[in-house]
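Participant:
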Amino acid sequence: MALHPLNEQRTVPAGATPVRPAPVRHVPASRPEPVVPVAPDYPSRLHLLIPPGVRNLLADWGLWQNPIPLIPSDHLAQTLAVLERHGWGRSLDFSPTGRMCIRGAQTLLEHTGHVTPAARTRAVDYMQQTLREHGVHEPFFTWNDHTDRTFPQVSHLITLSAHTARKNGE
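Following our numbering from start to finish, the sequence shown increments by one per residue and tops out at 171.
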């Protein structure tokens, strides 16, 4: 009795058998975690004396190295890092002891070239939006200066604002 061609068993030498590669599981590429910017050192007296326009001109000539300006979400994270490093305060942008309020930290970062005025304005918009979502209808610097304000509350505001900015791609 002859076997039907589909039922025939064929034998192949062991070395001729193709080896199937192991199945490759597709793992979705996750977005890398954003790098938390560190707080810069307080600028030197020379840095504070040279106007930003002159620093930019010197950078164009290759005689000065300006920092790369950050996007709003990273600017907010760096603002928090500055407050953690140099100390947070109320009522004054810069206290005699070196502490800063939120606006003072942002001014330091803008003056040293870590953020552009436009990116700083966007970061302020995100902080104001976060405050409005929590029922606060006053400027962030006024909110910062209340006597019952604590640094964990300030940190929470900046962190929430940075997450919102990051979600929006900024």
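Every residue gets a Cβ at the ideal spot worked out from N, C-alpha and C, and that includes glycine.
Is the stretch 98-118 touching the stretch 71-84, taking contact as three or more C-beta pairs under 8 Å?
Facilitator: yes
Participant: When you compare only the Cα positions, how much space is there between residue 84 and residue 52?
Facilitator: 24 Å
Participant: When you compare only the Cα positions, how much space is there between residue 108 and residue 171?
Facilitator: Rounded to whole angstroms, residue 108 to residue 171 spans 19 Å at the Cα level.
Participant: What's the C-alpha gap between residue 89 and residue 162?
Facilitator: 18 Å
Participant: Going straight from the alpha carbon of residue 99 to that of residue 92, what length do you get?
Facilitator: 13 Å
Participant: Is the distance from the Cβ of residue 131 to the Cβ of residue 158 below 7 Å?
Facilitator: yes
Participant: Ordered along the chain, which non-local residues of its own chain (more than five positions away) have a Cβ less than 7 Å from that of residue 137?
Facilitator: 144
Participant: Using DSSP bridges, identify the partner residues of residue 95.
Facilitator: Residue 95 pairs with 101.
Participant: Rounded to the nearest angstrom, what separates residue 96 and residue 61 at their Cα positions?
Facilitator: 34 Å
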